[in-house]
Amino acid sequence: MNTILTVLKKELKDTLRDKRTLISAIVIPALIIPLLIIGVTKLQKTLMAKEENKQLKIALIGYPENIKTQLQDSTVALFTNFTVATGKEAISKDSLDGMIEFSTDFLANVNDMKSGKMNLYYKSTNFLLSSRISEKLEVIKSQILNERLKKLNISTETLAPFDITKVDIATAKEQLGKTVGGFLPYIFIIFCFTACMYPAIDLITGEKEKGTMETLLSSPASRFQILIGKMLTIAIVGLTAASMTIAGMVLGLKFLPDIPADFLTTINNMVSPKFIVMLFAMLIPLCLFFAGLLSAIVIRAKCFKEAQTLVTPLTFVIFIPAMLAMIPGVQLNWQTAFIPILNIALATKEIIAGTINMGQYAAIVLSLIALALAAALFSYKQFSKESMVLK
Amino acid sequence: MQASIKKLNTTSMIEIQNISKQYSLSKKQQKELQTNAATINAVNEVSFTCTPGSVFSLLGANGAGKTTTLRMIATILKPTKGDILVGGESVTENPEKVRKKIGFLTGSTNLYDRLTPGEIVQYFADLHGMDKTIFEQRKDKLFTQLGIHEFSKKRIAQMSTGMKQKVSIARSMIHDPSIVIFDEPTSGLDVITANSIIELIKQCKQDGKTIIFSSHIMSEVDLLCDELAIISKGNLIYSNTMKNFRTEFAHQSLTEAFIDIVKHDGKNFAKA
Chain A
31 MNTILTVLKK ELKDTLRDKR TLISAIVIPA LIIPLLIIGV TKLQKTLMAK EENKQLKIAL
91 IGYPENIKTQ LQDSTVALFT NFTVATGKEA ISKDSLDGMI EFSTDFLANV NDMKSGKMNL
151 YYKSTNFLLS SRISEKLEVI KSQILNERLK KLNISTETLA PFDITKVDIA TAKEQLGKTV
211 GGFLPYIFII FCFTACMYPA IDLITGEKEK GTMETLLSSP ASRFQILIGK MLTIAIVGLT
271 AASMTIAGMV LGLKFLPDIP ADFLTTINNM VSPKFIVMLF AMLIPLCLFF AGLLSAIVIR
331 AKCFKEAQTL VTPLTFVIFI PAMLAMIPGV QLNWQTAFIP ILNIALATKE IIAGTINMGQ
391 YAAIVLSLIA LALAAALFSY KQFSKESMVL K
Chain B
24 MQASIKKLNT TSMIEIQNIS KQYSLSKKQQ KELQTNAATI NAVNEVSFTC TPGSVFSLLG
84 ANGAGKTTTL RMIATILKPT KGDILVGGES VTENPEKVRK KIGFLTGSTN LYDRLTPGEI
144 VQYFADLHGM DKTIFEQRKD KLFTQLGIHE FSKKRIAQMS TGMKQKVSIA RSMIHDPSIV
204 IFDEPTSGLD VITANSIIEL IKQCKQDGKT IIFSSHIMSE VDLLCDELAI ISKGNLIYSN
264 TMKNFRTEFA HQSLTEAFID IVKHDGKNFA KA
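Just so you know, the protein sequences line up as chains A and B, in that order.
To convert, take the position in the first sequence, counting from 1, and add 30; that gives our numbering.
To convert, take the position in the second sequence, counting from 1, and add 23; that gives our numbering.
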């Protein structure tokens, strides 16, 4: 045990002096993530507000005068000197936001209680435009409808046989769990894995490439002790990155502008000792699994570049199940509880939402421990081969 | 394993008994070596002994099997056949005990770039379970002897090859091993650094340590060695004391004698 600790102590000291590891495991997750969350949200809000307050430039073709009057207000600038062809060209060049072309019999049909036809030209990339114009037209539409119903002496209630009032009984915690809950594990799994990658390559392939592995193998430390010391270092770096990512995300969410009060309370409550213990009980074996897996792979490489080539495809194998957890409908059950990576992502969602099934949670933790042990054993088998450890 | 192999010759510190090291060849390697053989013998039934307190030199051309032999003595590689007794311990049966007795210096001068010399020797002292006080005394002695004190605060990445090699030597000697294995210790070093290493080897000999080293530089061999062996293509082709070697090849320089022996595979070479 002392030898393992000696190896661990040295590897940690060596790793923590490496700027690349520090940046990927601490700086990016702890500083960049909260800044990104706050920055992106603020930017999105600013852009949305700008888009919503922007005066729309709309061209009207074959319009009835009363409709033009109803559409006219300070948020819209109406133009009547366009043809369909010039209007389309103007929209494509962004000098117009949209164009409404009324059919020649539009007014006659409306007056005859028939449907008046109109074409709305716009760019779907201008995502708020369609809804803003539709909202305005809906107001005119409902006014005409009300007039028709009045004329026919029909109550508006006749057209609404029932009225639905939606009452959402999902708590803020559940809502947060099912929304942000999917995103959180995706991010911390990515950061955890990528943070493990560099020390794994540096401590194993790097040592092999430099030739220092040979000296280390001639010391009284056994191969098992050396490997475990290195694996623990890799896992600690991964765990640090995952913890920093979670802390960074929580911090980012807490300082989000205009966050609803109940969501803020939920975020504050989320970082409870229970949540931390439950999360770390999964994260620790996950990091050890990553460390074992990466060690077993990078030991095959003769140099840093070769190790990177070997490890890159593995990134996709790890990321895909983490991404699956964000798809609506993919839920934690007895099948998904045994799919590595996906299980930890789904369980995190459930823990945040407070709806975790403890039986399934125990199965996930045990399966992750089994996986970590299998990865360590596999890694040890590779590490025991002379052809693997020497250049 | 035969009982006769296990028993250490009382006059030898390292006893190499009929060791072979075989490697499997991949298809690519077979193509490169232009052979159909599935295996290759890097070392083939080699036997020799090193007397306690002597300097033993292992000579051979590049790829002769010197490093493989030294790696087997250092327990990094396991012999495919035969055994090696180091201070009475078998490398195949008790590699951990053997590793406690030896100090191994590889041909590479690379070290941990982000650590200082003090941290590196401390790491290896801890792996050897050294007492703190003894470690400090030993470190101070080695650092003074090798002139490391003046750059002891620098990180390895900022050091020259010579400085690194000095730190490598301090690292392999920190636990005061009774057997020291040097694989081309002066290779690629400047004359001053090489000389300080030669002086250290001499000091080791005075301290009663057994030293086995490989080298290409015949002047070093002449200066330091008590015994020598020559390996060619994995086979031991010559083994003798330095005294007998000098007598045997009195009319030739050491380099000429070495070339002659290798050329003739250790047979029918021109003796004095």
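From the three backbone atoms N, C-alpha and C, an ideal C-beta is built for every residue, glycine too.
Residue i burial status per 10 Å Cβ neighbour count (16 or more: buried)
i        : result
A/Asn96  : exposed
A/Val57  : exposed
B/Ile39  : buried
A/Asn444 : A query on residue 444 of chain A cannot be resolved here, the shown segment of chain A reaching from 31 to 421 and no further.
B/His198 : buried
B/Ala193 : buried
A/Leu86  : buried
A/Ser248 : buried
A/Asp198 : exposed
B/Lys44  : buried
A/Leu73  : exposed
A/Pro191 : exposed
A/Ile327 : buried
A/Leu35  : exposed
A/Phe157 : exposed
A/Ile184 : exposed
A/Val280 : buried
A/Pro287 : exposed
A/Pro215 : buried
Same chain, Cβ closer than 6 Å to residue i, five either side skipped, listed in chain order
i        : result
B/His359 : For chain B, the structure presents residues 24 to 295; residue 359 of chain B sits outside this window and is missing.
B/Arg98  : For the sequence presented, residue 98 of chain B should be read as Thr rather than Arg. The answer, listed in chain order, is Val114, Pro118, Val121 and Arg122.
A/Glu204 : Ala383
A/Ser160 : Tyr152
A/Gly268 : Cys222, Ala225, Cys226, Cys317 and Phe320
A/Glu380 : Leu362 and Ile386
B/Ser262 : Phe71 and Ala252
B/Ile28  : Note that B/Ile28 has pLDDT 36, beneath the 50 cutoff, so the model's placement of it is unreliable and no number is given.
A/Asp292 : Ala202
Chain-order list of residues whose beta-carbon lies under 7 Å from that of residue i (same chain, five-residue window excluded)
i        : result
A/Glu41  : Leu233, Gly259, Lys260 and Thr263
B/Ile282 : none
One or two residues paired with residue i in a DSSP bridge
i        : result
A/Leu129 : The question names Leu, but residue 129 of chain A is Met in the sequence shown. Partner(s): A/Ala89 and A/Tyr151.
B/Asp106 : B/Gln40
A/Ile220 : Bridge partners of A/Ile220: none, in fact.
B/Ser255 : B/Asn258
B/Gln45  : B/Asn64
B/Gly264 : In the sequence on display, residue 264 of chain B carries Thr and not Gly. B/Thr264 pairs with B/Glu250.
B/Ser237 : B/Leu81 and B/Asp206
A/Val70  : Answer is none; A/Val70 lacks a bridge partner.
B/Cys317 : Since the first residue shown for chain B is 24 and the last is 295, residue 317 of chain B is missing from the structure and cannot be characterised.
B/Phe272 : Answer is none; B/Phe272 lacks a bridge partner.
A/Val210 : In DSSP, A/Val210 forms no bridge with anything.
A/Ser325 : Beta-bridge pairing links A/Ser325 to no other residue.
A/Val37  : Bridge partners of A/Val37: none, in fact.
Same chain only: Cβ atoms within 8 Å of residue i, ignoring 5 sequence neighbours per side
i        : result
A/Glu239 : Lys332, Cys333, Phe334 and Lys421
A/Thr22  : Residue 22 of chain A cannot be examined here, being either before or after the span of chain A that is shown, 31 to 421.
B/Gly170 : Lys189 and Ser219
B/Pro208 : Leu128, Gln188, Ile192, Ile220, Ile224, Phe236 and Ser238
A/Arg178 : Met143
B/Met182 : Phe174 and Val190
A/Leu145 : Rather than Leu, the amino acid found at residue 145 of chain A in this sequence is Ser. Excluding positions up to five away in sequence, the list reads Asn139.
Proximity of residue i and residue j at Cβ, strictly below 8 Å
i        : j        : result
A/Val341 : A/Ile266 : no
A/Ile462 : A/Pro351 : Nothing can be reported for residue 462 of chain A, as the shown portion of chain A is limited to 31 through 421.
B/Val69  : B/Thr92  : yes
A/Thr242 : B/Asn133 : yes
A/Met148 : A/Ser133 : yes
B/Asp136 : B/Arg94  : no
B/Lys232 : B/Leu247 : no
A/Met300 : A/Phe213 : no
B/Asp206 : B/Gly130 : yes
A/Gly207 : A/Ile63  : no
B/Pro200 : B/Ile254 : no
A/Leu150 : A/Ile170 : no
**Request:** Below 9 Å between beta carbons is the criterion; list the residues of the segment 147 to 165 of chain B that meet it against any residue of chain A, in chain order.
**Result:** Phe147, Asp149, Leu150, His151 and Gly152
**Chain-ordered residues of the segment 42 to 65 of chain A with a beta carbon less than 8 Å from chain B** = For the segment 42 to 65 of chain A, the set of positions with a beta-carbon nearer than 8 Å to some beta-carbon of chain B reads Lys43, Asp44, Arg47 and Asp48 in chain order.
**Request:** Could you run through the segment 242 to 261 of chain A and flag, in chain order, every residue whose CB is less than 7 Å away from some CB of chain B?
**Result:** Thr242, Glu244, Thr245, Leu247, Ser248, Ser249, Pro250, Ala251 and Ser252
**Message:** For the segment 96 to 117 of chain B, list every residue whose C-beta sits within 9 Å of some C-beta in chain A, in sequence order.
**Reply:** Answer set for the segment 96 to 117 of chain B: Ala97, Thr98, Ile99, Leu100 and Lys101.
**Item:** Near-chain A residues of the segment 49 to 77 of chain B - C-beta to any C-beta below 9 Å
**Value:** none
**Prompt:** Between the segment 321 to 338 of chain A and chain B, which residues of the former have CB atoms less than 7 Å from a CB of the latter, in chain order?
**Reply:** Listed in sequence order: no entries.
**Request:** For the segment 115 to 134 of chain B, enumerate the residues whose C-beta is nearer than 7 Å to any C-beta of chain A, in chain order.
**Result:** Glu119, Arg122, Lys123, Ile125, Phe127, Thr129, Ser131, Asn133 and Leu134
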